[in-house]
Amino acid sequence: MATAAAASASEAEAEPKAGPEAEGEEDEAKAARARRKVLSRAVAAATYKTMGPEWDQQEEGVSESDGDEEYAMASSAESSPGEYEWGYDEEEKNQLEIERLEEQLSINVYDYNCHVDLIRLLRLEGELTRVRAARQKMSEIFPLTEELWLEWLHDETSMAMDGLDREHVYDLFERAVKDYICPNIWLEYGQYSVGGIGQKGGLEKVRSVFERALSSVGLHMTKGLAIWEAYREFESAIAEAARPMAGFLSPSDWEQTFDSQLEKVHSLFRRQLAIPLYDMEATFAEYEEWSEDPIPESVIQSYNKALQQLEKYKPYEEALLQAEAPRLAEYQAYIDFEMKIGDPARIQLIFERALVENCLVPDLWIRYSQYLDRQLKVKDLVLSAHSRAVRNCPWTVALWSRYLLALERHGVEHRVISVTFEKALSAGFIQATDYVEIWQAYLDYLRRRVDFKQDSSKELEELRSAFARALEHLKQEVEERFNESGDPSCLIMQNWARIEARLCNNMQKARELWDSIMTRGNAKFANMWLEYYNLERAHGDTQHCRKALHRAVQCTSDYPEHVCEVLLTMERTEGTLEDWDIAVQKTETRLARVNEQRIKAAEKEAALAQQEEEKVEQRKRARAEKKALKKKKKIRGADKHRADEDDEKEWGDDEEEQPSKRRRVENSVPPAGEAEPGSETNLSGSSAPTGTEPPSELKEVRVGARRRDVPKVPHDSSKDGVTVFVSNLPYGLGEPAATLRPLFEACGDVVEVRPIFSNRGDFRGYCYVEFREEAAALQALQLDRQSVEGRPMFVSPCVDKSKNPDFKVFRYSTALEKHKLFVSGLPFSCTKEELEEICKAHGTVKDIRLVTNRAGKPKGLAYVEYENESEASQAVLQMDGMTIRESVIKVAISNPPPRKVPEKPEARRASGSALLPRQAYGARGKGRTQLSLLPRALQRPSAATAQAENGPAVPPAGATPATTEAPKMSNADFAKLLLRK
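According to the numbering used here, the sequence shown is numbered sequentially starting from 228.
Right, here's the structure in full:
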């Protein structure tokens, strides 16, 4: 029987264990016995309430308050933090820290760590009222973790004394189970509700809690078993408590009551065995032992089917058990598997399980909410998921936009949607464009509320005031924070103008808005004028269309030819002869002025190119003169040396000629009877050394020896897989192979360290390290940036770039990373430890990288990686503008500009643009071989390839020839260019 098994288990737990390590287990056993005692007495009380007064409750000594008190004692025994003795100084220190945290939260209420620290300190100080208020405030802003909820619930249950307190605890449990899917909280909820079974409706409350727990986490393959067993033990206890009542009821009533209770236990066994859960075999064996009748065939079939399903799920569950948190990749694979099967309950469960550990991943919330919006479409589930998403990732504008759409889709009242939008505005987005996006979402919602068939309505006035407020908000608050409004093309104002023109028939207001758009720096873009022109064509009149195009011809600077063509087309179809003449005159004048400006720009560019060429020629001449001078000095020195030798022969000098430096290197031992040039002869005729050789001679000796000892070895590309390329080494490294070998031997067996020397024998600062195994070479890449004699060593794979031109060695991300910060303006003396001490006050710092130059000197820049996006955004708000050693630092989300990749010659030739200028500078700067022999006037890119400043639309392919062809040049123009040379 199940109760017998539970009793034997309790006896086994109660056996004492020797040794000090058993103290904690004894405390847990006492708490478990207390809970079981409460359960049995509470069940007895429920039976009395249900079955009638015939069964004497007082025989068991049960009262309603006893269950509450003993459960509170058991809870307090588990959650008691111990007794601490604080001195006066430490209490004063805690109070000061509490005041500091409260002040910090008054400045930034979204500081998660401050909330946690404040609750911890208030709990230590015993400030029950204040800690309750602090928890309440935090739970309104953030969803609480399972640990925070359990700690709060244990504190509240230990203080609950009457029915009102119990109702308050019930409300806390209801809030707790809504934040995340937590089997432990559901289990605590069920056990606590058992303590109130003696109250009115207590039995129904317990069963309702357990049924909801099964709906929420009953399918959890690893943790759902505890909920099923607790529910089953509860119903079994009620059945056992009903046995002694046989003498108080008629046989038929007792049999009916007892059989009904046994059927509830049977039903729980059958439901559980139909679900794939871990330890199903033990549950089936327990059912066989408990049941007095044979197990039905239908139950066995359901059990076997669940076992087959369990085998399919096991690989994904085992992958989760083996991986480390947050296990996002494993959960993603599990979600994909469940989506293919298509069971909505299991899909919802795996999403909820993944979000417990990845609650700060916006993409996961977006995928979950998208599934609920498109598939389930259940209002409570959808809105709950959206609400939790924005509470976990308030900095993600896409979640807020989806939340507003979901609220509108499910018919939530306007007041709630407006309050939600106001919360979004105060969420602290990390980009100016995010505010534009949330404003557009809210304005679209307000526009859909308006009935434009009426001339005026309350909704229309609210829409117009919202547009005005949006423009003011972007202009003042957003622009002040980000130094940009986030809406350079005035998209919100354009939308307002379209609504006024198309839906409200108010062209006067639309024209005023477009005038304001043009005065904000958009008048030079052709696409902005054409957008206004199309609006006038659809809802205005010909006069204003003509006026708009005339202004566009005068103001447009990116594509004036296109605007001129549109004006001429309109006058050709609608205008009079006078209108046509005016249009032709204006367009010709404008295009002539544009061509003149382009010719001047080309001439200026050609003049600059000529100046550069002259400078190159001057440098060439200077180098040639310098070479000639050195050659002349060398010839003079050789003539002088020859003249000295002739003089020596002429005077008949008997002294032997001194051996040259190279001969001394090759024959280091002098001939017998010949003294070395660095020695003196003493009175006895023997030579005595007077000192070392001159430094210049020693240098040449070393150079010659190195040139002799280090033969050139050709690189074997077949061994690139087991070889790494090491660069940026100090040029003065004495023995590179001996210095580097111990470093790389820690990664594996080193076959050879091959340093590269110049023809003179000087170390060139790089080398090749060959290993025996490829795994060792891969591990050696981890030594990248390690300091060698004060200089960072670069370690990269050995790749032939002539065969792999697209290979990149840069190992850091060049895309937007919202959890990483870019810090600039740091003092050069700032160390990594000092910066980490500053940054960790705002969150968990995973890594800090100080940017250095090739010599290892700091550049005043750093990258700081946080645990999640929320901490990074908080750090930006707190650290930007901070002063460190009289240096004001700038902090922003890491979003490096795109790395410039030099254009390949093949791509340039394939583009077919023969008139495009060649690349003026190469990878090593400006070179002599990169001079263009074609006049710069002919090298201007066509207008079709030009880019506008703010990215206006490129004109269509059917534009006039003036937009795609360079201006024609006469023979006189070519003659001027040649004469200018």
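Heads up, the beta-carbon is just placed ideally off N, CA and C, and yes, glycines get one too.
Distance, residue j Cα to residue i Cα
| i | j | result |
| --- | --- | --- |
| A668 | T647 | 12 Å |
| R848 | E832 | 24 Å |
| M797 | E763 | 13 Å |
| E557 | Y543 | 7 Å |
| W413 | T1071 | 30 Å |
| Q549 | N754 | 57 Å |
| E394 | V421 | 13 Å |
| E383 | E584 | 26 Å |
| E456 | R629 | 39 Å |
| F998 | V1022 | 14 Å |
| E374 | T746 | 56 Å |
| W376 | L349 | 16 Å |
| V705 | Y662 | 8 Å |
| R459 | S529 | 19 Å |
| L380 | V617 | 25 Å |
| Q499 | G428 | 26 Å |
| V977 | E326 | 60 Å |
| E788 | S611 | 55 Å |
| E840 | V1026 | 37 Å |
For residue j and residue i, believed in contact at Cβ under 8 Å, the rounded distance
| i | j | result |
| --- | --- | --- |
| M507 | A533 | 6 Å |
| L967 | V996 | 7 Å |
| F227 | A1007 | Here the chain comprises residues numbered 228 to 1208, so residue 227 is not present and cannot be evaluated. |
| G445 | I502 | 7 Å |
| G1083 | G992 | That pair is no contact at about 13 Å. |
| I408 | S435 | No, I408 and S435 are not in contact; Cβ-Cβ is about 18 Å, not under 8 Å. |
| C782 | K751 | 6 Å |
Identity of the residue in the options nearest residue i by Cα
| i | options | result |
| --- | --- | --- |
| K364 | V978, E415, E704 and H342 | H342 |
| P715 | R402, N749, T950 and D406 | N749 |
| P1123 | R642, V492, V436 and A1089 | A1089 |
| C731 | A779, D486, V677 and R439 | V677 |
| E739 | N754, L670, F752 and M720 | M720 |
| Q658 | E640, V643 and W622 | W622 |
| L441 | V421, V643, L835 and G417 | G417 |
| D344 | Y958, T356, E352 and L328 | L328 |
| E367 | Q735, E686 and S614 | S614 |
| Q322 | K854, S333, I334 and R357 | R357 |
| M388 | L371, W379, P410 and G423 | G423 |
| G655 | Q575, V1115, G1087 and E1098 | E1098 |
| L960 | R773, P982 and R1112 | P982 |
| T1110 | G1052, V444 and Q1101 | G1052 |
| W627 | A651, N531, S645 and D590 | A651 |
| C974 | D1011, W666 and P963 | D1011 |
| V492 | S463, E516, E515 and R778 | S463 |
| N722 | L634, K736 and L956 | K736 |
| E688 | E727, L701, L718 and K702 | E727 |
| F952 | E538, P370 and Q1009 | Q1009 |
| K1073 | Q838, N1095, V396 and A855 | N1095 |
| Y337 | A581, V624 and S1100 | S1100 |
Alpha helix (DSSP H) segment containing residue i, residue limits
| i | result |
| --- | --- |
| V790 | P787 to E801 |
| T769 | T769 to C782 |
| I454 | G451 to A469 |
| C586 | No alpha helix (DSSP H) holds C586; DSSP gives it neither H nor E. |
| I568 | L555 to I568 |
| M720 | L718 to R725 |
| M734 | M734 to I744 |
Start-to-end residues for the beta strand (DSSP E) that takes in residue i
| i | result |
| --- | --- |
| M1020 | R1018 to P1024 |
| C994 | F990 to F998 |
| A1209 | This structure leaves residue 1209 out entirely; the chain is present only between 228 and 1208. |
| Q1013 | Q1013 to V1015 |
| R981 | V977 to F984 |
| F952 | T950 to S954 |
Only counting runs of 4 or more residues, tell me where the alpha helix (DSSP H) segments fall wholly within the segment 1032-1095, in order along the chain. 1059-1066
Jot down the residue ranges of each uninterrupted alpha helix (DSSP H) in the segment 378-429, minimum 4 residues, whole runs only, in chain order. 390-406 and 410-422
Residue ranges of each alpha helix (DSSP H) within the segment 499-535, 4 or longer: 507-517
If we require 4 or more residues per run, which alpha helix (DSSP H) segments fall completely within the segment 329-383? 339-352 and 355-368
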